[in-house]
Amino acid sequence: MLGAGATGAGRMRACARRAVVAVTAVSMAAALAACGQDSGSDSAGGSRPKIGVLLPDSTTARWETRDRPQLDREIKELCAECTVEHANAKSEVAIQRAQMDSMIAEGVDAILLVAVDARSMRPSVVQADQAGIPVIAYDRLAEGPISGYASFDGEEVGRLQGNALLKAMGDKASGGRIVMMNGDPTDPNAVSFKEGALSVLDGKVEISKAYDTRQWRTEAAHMNMSGAISALGADNIDGVYAANDGLAAGSISALKANKVDPLPPVTGQDAELSALRRIVAGEQVMTVYKPFGPEASAGAALAVAAARGESFDRIATDEVTTSAGETVPAVLLSPVSVTVDTIEDTLVEDGVYTVPQICTPQLHAACARAGLT
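Per mature numbering (1 follows the signal peptide of the UniProt record, and there is no 0), the sequence shown runs over residues -33 to -1, 1 to 340.
Structure (structure tokens):
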């Protein structure tokens, strides 16, 4: 049953479903009329919409340190009366399903979902839709009847990574041998990153080993890279495509543990602070910066509009097609490639990090060479 804060079209749909269950066909019209009256009185009296925010894990630093606080700020700026309820699934589908069940039972007015596993969360998305609660897919395209989507162009992320890797490989960009450390295959973003990267790399380099990394675990990347070194030989790896900074960290730690020197170029994504330090140190060649502010702003705007039962027309100017072939309004943002030469003009200028945060005492000399100090 939806709570007192339910508004707009979502509440009307939920009321209709309750009417089907609770009353006879004769009294259906009266029940729907009561729903409309309730909605109007809430609006006139100043309702307090409730928005649930479901994050996927604590392994990737961005979710709790960047997205969560920025989503809070953006939602409050757009809707001072809104309340926000958070949950983190700790990489477990069962936990996220339980969290979604709880929010549906509580009667939140909209859910912003970063799915642990897009396919496995589909029944929960269907359940929310049946309860009249719109679901906004954030950063990852969830399966099921979602109402909107806010993210970055995933294939462009992969293209940026692939092009940066080829550039860093120099003469070995033609015919060189690489290892691909892909993300979690249950994450639609990981699939898009891989497709974008392959569109650049196919036919130019030899993909000697490729791994899909469940739950984006750094330790799994370390293990897989150690296996690649054992199978191929340290001298036969000319580059590493790592789909995000956590996988880059695991790959680099394995390369260093196996005394690989010099390190082959390694890509990344998410612009984590530790990745920037590796880039300055010369251990990682790039990362992909997905400005969290614009993404959080888009996600918050969609969630607030959904909670209020408002149109997305002025927010979502793009569209995406779900796995079921449904067209969904979307906000698709442009990612940015970051190398040692562009850290200051991107992440520092945007206020994401300061030079002192990046340039630890151990990196002072490297930061001076990079023009950061």
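Ideal placement from N, C-alpha and C gives every residue a C-beta, glycine not left out.
Determine, using beta carbons only, whether residue i and residue j come nearer to each other than 9 Å.
i: P232; j: L165; result: no
i: M70; j: G121; result: no
i: L21; j: L79; result: yes
i: P36; j: V83; result: no
i: E316; j: A117; result: no
i: P258; j: V303; result: yes
i: G115; j: V305; result: no
Identify which residue in the options has its Cα closest to the Cα of residue i.
i: F119; options: A209, A283, G142 and D96; result: A283
i: T327; options: D317, D151, L339 and A117; result: L339
i: V172; options: R245, D212, G142 and I113; result: G142
i: residue 341; options: V303, S278, A270 and A332; result: No information on residue 341 is available, as it lies outside the stretch -33 to 340 that the chain covers here.
i: G206; options: V81, D138, R275 and C49; result: D138
i: I204; options: L214, A210 and S218; result: S218
i: G150; options: R184, A272, A85 and L199; result: R184
i: E110; options: D96, A98, N130 and M88; result: M88
For residue i, which beta-bridge partners are listed by DSSP?
i: A129; result: Just to set this straight, residue 129 is Gly in the shown sequence, not Ala. None; G129 has no bridge partner.
i: G115; result: I103
i: K171; result: K171 is not bridged to any residue.
i: I78; result: G19 and V102
i: G206; result: I145
i: A54; result: L21
Where residue i and residue j are concerned, what is the direct C-alpha to C-alpha distance, given to the nearest angstrom?
i: G7; j: A238; result: Residue placement at G7 is flagged as unreliable, the pLDDT there being 37, under the threshold of 50; the coordinate-derived value follows with that caveat. Rounded to the nearest angstrom, the two C-alpha atoms are 45 Å apart.
i: I314; j: N55; result: According to the sequence as given, residue 314 is Leu; it is not Ile. L314 and N55: Cα-Cα distance of roughly 26 Å.
i: V252; j: I310; result: 12 Å
i: E31; j: V298; result: 22 Å
i: R126; j: S14; result: 45 Å
i: G266; j: D228; result: 43 Å
i: R281; j: S264; result: 13 Å
i: A242; j: D212; result: 6 Å
i: R336; j: Q236; result: 23 Å
i: C334; j: T26; result: 27 Å
i: E293; j: V93; result: 14 Å
i: P152; j: V124; result: 16 Å
i: Y246; j: G318; result: The sequence shown places Ile at residue 246, not Tyr. Straight-line Cα distance between these residues: approximately 18 Å.
i: Y256; j: C49; result: 30 Å
i: G170; j: A140; result: 10 Å
i: G(-26); j: D76; result: Confidence in G(-26) is poor, its pLDDT being 42 and thus under 50, which makes the residue's placement too unreliable to answer from.
Inset, instruction - Check whether the stretch 39 to 46 touches the stretch 57 to 68, taking contact to mean three or more Cβ pairs, one atom from each stretch, closer than 8 Å. - result: They do not touch, by the three-pair rule.
Inset, instruction - State whether the stretch 188 to 195 contacts the stretch 145 to 158, with contact taken as three or more CB pairs (one from each stretch) at a distance under 8 Å. - result: Touching, per the Cβ criterion.
Legend entry - Segment contact, 8 Å Cβ cut-off, at least three pairs: the stretch 155 to 165 with the stretch 195 to 203: Output reads no: the stretch 195 to 203 does not touch the stretch 155 to 165.
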